[in-house]
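Here the structure comes first, spelled out in structure tokens, and everything after it is commentary.
Set out below in structure tokens:
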């Protein structure tokens, strides 16, 4: 009678990490990478919008205005933002698109094309205008006030819709109260993650720090059961510091600014 003995798997095979935790770790890494870059892009877009629409007019002297009607279509559509730069009223000529106060009703600002210019003996400049999409001239002639007029130099498509939406009470309250709450929740979740997530990360770290040939930690690698290298600070430490600063429990020199 021949005895059949079970064969032991090679040591290297026994040390291979399971497929599922590795795939989960890769998925988490991909999601974290996408999340970081999404936040960076949103912050960059917000900074650019603030620079162009808020800081730029004060620092560089130009003006921005959202087009509300289709009187200048197709060049300027409703929801587009026009960027106007100053020029002397005496330099206004026929064919320019300018932004000015109309002389009737509520004296609102309109952006139309100049069709005629008249220079008065007292130095005043009177213009006749018309919207590109209108069949008739505007029913007024406007005397440009002061020494400066504003000529349209650029058009930013569709941005005005976003500006109008941000000015609504619901969106305004969501930005003021919702965004800080979401940020605080994200930071707190980074600190108090579910226990199984922490255990999975510990196992993945232990597997990465193990030498497959001998089954011992690789040279130069010393890890703890928290999944972090000795003497290092991992992402959870960064989350704790950020959350403490946000909630007002950070170090005094970090909070008093």
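In full-length UniProt numbering, the protein residues as written are 1 to 257.
Don't be surprised by glycine CBs; every beta carbon is placed ideally from N, CA and C.
The beta strand (DSSP E) spanning residue i covers which residue range?
{"i": "residue 98", "result": "97-101"}
{"i": "residue 87", "result": "81-88"}
{"i": "residue 54", "result": "No beta strand (DSSP E) holds residue 54; DSSP gives it neither H nor E."}
{"i": "residue 154", "result": "148-156"}
{"i": "residue 93", "result": "Unbroken run through residue 93: none, as it is neither H nor E."}
{"i": "residue 127", "result": "125-130"}
My assumption, with CB atoms under 8 Å, is that residue i sits in contact with residue j. Please give the rounded CB distance.
{"i": "residue 135", "j": "residue 112", "result": "About 13 Å; that fails the 8 Å criterion."}
{"i": "residue 156", "j": "residue 80", "result": "7 Å"}
{"i": "residue 83", "j": "residue 153", "result": "6 Å"}
{"i": "residue 151", "j": "residue 96", "result": "5 Å"}
{"i": "residue 71", "j": "residue 133", "result": "5 Å"}
Should residue i be labelled buried (16 or more other beta-carbon atoms within 10 Å of its own) or exposed?
{"i": "residue 219", "result": "Unreliable positioning characterises residue 219 in this predicted model, as indicated by a pLDDT of 45, which lies under 50. The coordinate reading is nonetheless provided below. Exposed."}
{"i": "residue 144", "result": "buried"}
{"i": "residue 147", "result": "exposed"}
{"i": "residue 100", "result": "buried"}
{"i": "residue 60", "result": "exposed"}
{"i": "residue 98", "result": "buried"}
{"i": "residue 42", "result": "exposed"}
{"i": "residue 276", "result": "With the chain covering 1 to 257 only, the question about residue 276 has no answer from this structure."}
{"i": "residue 64", "result": "buried"}
{"i": "residue 129", "result": "buried"}
{"i": "residue 215", "result": "Per-residue confidence for residue 215 stands at a pLDDT of 47, beneath the threshold of 50, marking its modelled position as unreliable; the derived number appears in the next sentence. Flag for residue 215 reads exposed."}
{"i": "residue 160", "result": "buried"}
{"i": "residue 131", "result": "buried"}
{"i": "residue 76", "result": "buried"}
{"i": "residue 47", "result": "exposed"}
{"i": "residue 182", "result": "exposed"}
{"i": "residue 149", "result": "buried"}
{"i": "residue 114", "result": "buried"}
Starting from residue i, follow the alpha helix (DSSP H) in both directions and report where the run begins and ends.
{"i": "residue 119", "result": "Where residue 119 is concerned, there is no enclosing alpha helix (DSSP H), although the beta strand (DSSP E) it sits in stretches over 109-119."}
{"i": "residue 66", "result": "No alpha helix (DSSP H) holds residue 66; the beta strand (DSSP E) holding it covers 63-66."}
{"i": "residue 181", "result": "179-191"}
{"i": "residue 161", "result": "159-166"}
{"i": "residue 172", "result": "169-173"}
Give a yes or no on whether the minimum CB-CB distance between residue i and chain B is below 8 Å.
{"i": "residue 82", "result": "Absent here is chain B; the protein component of the structure consists of one chain."}
| query | For the region 78-98 against the region 110-126, are there 3 or more C-beta pairs whose distance is under 8 Å? | reply | Yes: at least three Cβ pairs fall under 8 Å.
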